[in-house]
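Quick notes on the structure that follows.
In this note's numbering, the protein residues as written are 160 to 225.
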């Protein structure tokens with residue numbers, strides 16, 4: 160029992176070391192305001208952002224950014 164726990168811990172640790180994660184990159188100048196919702200349209204590859212937004216990527220917007 161103790162041996163299997165050690166093996167499980169080693170395998171779990173090694174698998175966690177080789178995990179791949181996405182890297183966050185800011186979009187241009189970012190968003191000025193409060194984001195309340197985000198939605199991805201996979202067909203057109205657009206990200207819709209809604210909230211109390213005044214500026215998105217250096218462009219003045221009124222609460223919705225694409």
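Glycine is no exception: its CB is placed at the ideal position from the N, C-alpha and C atoms.
Worksheet item: In this structure, what does DSSP give as the bridge partners for residue 205?
Response: 200
Discussion item. Check this for me: beta carbons of residue 224 and residue 199, under 8 Å apart or not?
Written reply: no
Worksheet item: In chain order, what residues of the same chain have a beta carbon less than 6 Å from the beta carbon of residue 197, not counting five sequence neighbours either side?
Response: Within the same chain, 208 come within 6 Å of residue 197 by CB-CB distance, once the 5 residues on both sides are set aside.
Worksheet item: On the premise that residue 222 lies in contact with residue 211, defined as a C-beta separation below 8 Å, what is that separation, rounded to the nearest angstrom?
Response: 6 Å
Worksheet item: Which value, in whole angstroms, describes the spacing of the CA atoms of residue 171 and residue 193?
Response: 38 Å
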